[in-house]
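Encoded as structure tokens, the structure appears first; notes follow it.
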Amino acid sequence: MDPTLALKIRRTESLTSLVRRELERMIEMGELAGGDRLNENALATRLGVSRGPIREACRGLEQSGLVEVVVNRGVFVRELDNKAAAELYDIRASLMGMAGRLLAPIITTAQAAELQTLIGDMDKAAKAEDLNAFYPLNLRFHEKIVSFTGNDRLLSLSNAIQREAHLFRRRTLDAPGRMKVSNAEHRRILAALKKHDAEAARREMEEHVLTSKDALFGK
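Those letters in the sequence shown? Residues 1 to 219, by full-length UniProt numbering.
This is the structure:
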């Protein structure tokens, strides 16, 4: 983490919050995978903090379902079984479908342009087969759609599901050609939104999520 950025964040956030955000990022980017043990000493050294903020951040991550505490063994990044992962996909499909339906009638030209820019950036990442660049852009695309609806409760629920989905979601994009297929689906979503077609936007959003589910588990 850039020391200047870290110092700037510390002025407005507690150290525990900063550490938690960094651990969430590490899980999101696959630096910490399901089943990995969170070594307090190693993480404290890496982040330049004491073990206390690491421990507190892990408690918060446990509450959000990202890690689990195993007695006498330590804290581990949570591993979801197939049933739990499939359930998250189904819930997320419904939430994203709702987001598409709510946004389509009210999307602005500026918002559509912002989504188009993200799609263009994802194209570049997909052509380079750079999942580490594609994945954060993909997350931002979906987060923007939800936030543009202006529905705060939907955003809160979506973010909660999104955090748990990090535990397995990267795997769906890591298959050969999957990033390009995913971005083609993004284009169809944006086309429906720009037409202000609420039903089409809902359908495209739901199908996009369920296609990822099928890619992971098969139909």
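Ideal Cβ positions, reconstructed from N, Cα and C, are used throughout, including at glycine. Just so it is clear, the structure is predicted and the values come from calculations on it, not from any experiment.
Collapsing the DSSP output to three states places residue 74 in a strand. Assignment of beta strand (DSSP E) within the region 119-183, counting only whole runs of 3 or more residues, yields no such run. Inter-residue distance for residue 136 and residue 70 is about 30 Å (C-alpha atoms, whole angstroms).
A straight line joining the alpha-carbon of residue 199 with that of residue 94 spans about 13 Å.
Within 10 angstroms of the beta-carbon of residue 45 lie fewer than 16 other beta-carbons, which makes it exposed.
Around the beta carbon of residue 183, 16 or more other beta carbons lie within 10 angstroms, which makes this residue buried. Listed in chain order, the alpha helix (DSSP H) runs fully inside the UniProt domain "HTH gntR-type" (13-80) are 15-28, 40-47 and 51-63, counting runs of at least 4 residues.
For the 8 Å CB-CB criterion, residue 58 and residue 77 do not form a contact. DSSP places residue 107 in the coil class of the three-state scheme, outside both helix and strand. By the Cβ-count criterion, residue 172 is buried, with 16 or more other Cβ atoms from all chains shown falling within 10 Å of its own Cβ. When rounded, the separation of the alpha-carbon atoms in residue 118 and residue 157 is 23 Å. DSSP, reduced to helix, strand and coil, places residue 197 outside both helices and strands of the structure shown, so it counts as coil. Ranked by how close their Cα comes to the Cα of residue 160, the residues 65, 15 and 18 have 65 in first place.
In this structure, the CA atom of residue 205 is about 12 Å from the CA atom of residue 102.
A direct Cα-to-Cα measurement between residue 109 and residue 99 gives close to 17 Å.
Beta-carbon to beta-carbon, residue 61 and residue 20 are separated by about 6 Å, close enough to satisfy the 8 Å threshold. Close CB contacts of residue 163 within its chain, under the 8 Å cut and outside five residues either way in sequence, are with 24, 64, 65 and 66 (chain order).
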